[in-house]
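First comes the structure, then the notes that go with it.
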Amino acid sequence: MAVVAVVSSPRRDGSGDMIANRICDGIRANGKDVIMFHLNDMVSFRQCQNCEACKRGGRCVLDDDISPIIESIRDAEGLVIASSIEFNEVNGLFKMLLDRFYCFLDMNASTILPKGKKLATVITAGLDSDSAERVSKNLEKVFSEHFFFEPVGRIAYTNWMMPAGMPVDEDVMSEAEGIGRSF
108 MAVVAVVSSP RRDGSGDMIA NRICDGIRAN GKDVIMFHLN DMVSFRQCQN CEACKRGGRC
168 VLDDDISPII ESIRDAEGLV IASSIEFNEV NGLFKMLLDR FYCFLDMNAS TILPKGKKLA
228 TVITAGLDSD SAERVSKNLE KVFSEHFFFE PVGRIAYTNW MMPAGMPVDE DVMSEAEGIG
288 RSF
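The sequence shown begins at 108 in the numbering used here and counts up by one.
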């Protein structure tokens with residue numbers, strides 16, 4: 108069983124991507140496999156249609172670039188999520204993926220996922236550290252309360268508008284690797 112990492116930042120080598128990769132290094136150091144998805148690489152994607160077909164068959168009927176991500180998460184032992192924030196919330200690509208998690212809920216709004224999958228959350232912001240912290244706590248709450256993920260670490264990182272590729276504070280990167288080792 109692998110751990111799935113989903114990065115929704117539009118910038119490769121941005122802060123969120125670098126931190127998520129360091130978490131994955133920690134996971135791999137424990138001898139576990141990681142499957143990484145970059146949502147900005149998707150070409151074909153649709154938002155949840157609220158068609159309720161997943162409530163009858165247990166699977167989302169949409170067939171697009173989000174489908175393999177959803178299926179990988181279904182079978183994963185853990186999940187690393189990384190998103191930048193736009194206008195004080197997760198970015199649109201991540202929100203589209205999150206809405207597709209509706210297929211993991213049955214008709215009674217109970218999760219069909221096995222309980223106890225581990226979760227690491229990374230939220231990056233250009234300037235607003237308060238929003239990054241609030242969004243990271245909220246995501247952790249959504250995943251733990253609705254899908255019974257077990258949070259193992261959360262990083263809210265403000266990069267003060269540094270260009271992509273600039274190094275992330277080494278203390279943050281060490282924390283990220285430690286979070287990965289807890290998978």
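Ideal placement from N, C-alpha and C gives every residue a C-beta, glycine not left out.
* To do: Grab the span of the beta strand (DSSP E) containing A216 for me, first residue to last.
  => The residue given as residue 216 occupies position 109 in the sequence shown. Run containing A216: none; DSSP gives neither H nor E here.
* Asked: Excluding the five sequence neighbours on either side, which residues of its own chain have a C-beta within less than 7 Å of the C-beta of G272, listed in chain order?
  -> Within the sequence shown, the letter at position 165 stands for residue 272. For G272, where only same-chain residues beyond five positions count, the Cβ hits under 7 Å are D120.
* Flag this pair as touching only if the segment 226-237 and the segment 199-213 have three or more C-beta atom pairs under 8 Å; answer yes or no. => With the cut-off at 8 Å, the segment 226-237 and the segment 199-213 do not touch.
* Could you have a look at G260 and say whether DSSP puts it in helix, strand or coil? => Residue numbering aside, residue 260 sits at position 153 when the sequence shown is read from its first letter. Three-state result, G260: strand.
* Does the Cβ-Cβ distance between S99 and S179 come in under 8 Å? -> Because the chain spans 108 through 290 in this model, residue 99 falls outside it and cannot be assessed.
* Asked: How about A127 and V168: do their beta carbons lie closer than 8 Å?
  -> The sequence position of residue 127 within the sequence shown is 20, counting from 1. The sequence position of residue 168 within the sequence shown is 61, counting from 1. No.
* Would you kindly check if the distance between the Cβ of K162 and the Cβ of D213 is under 8 Å? => Here residue 213 refers to the residue found at position 106 when the sequence shown is read from its first residue. Here residue 162 refers to the residue found at position 55 when the sequence shown is read from its first residue. It is a contact, given that the beta carbons lie within the stated cut-off.
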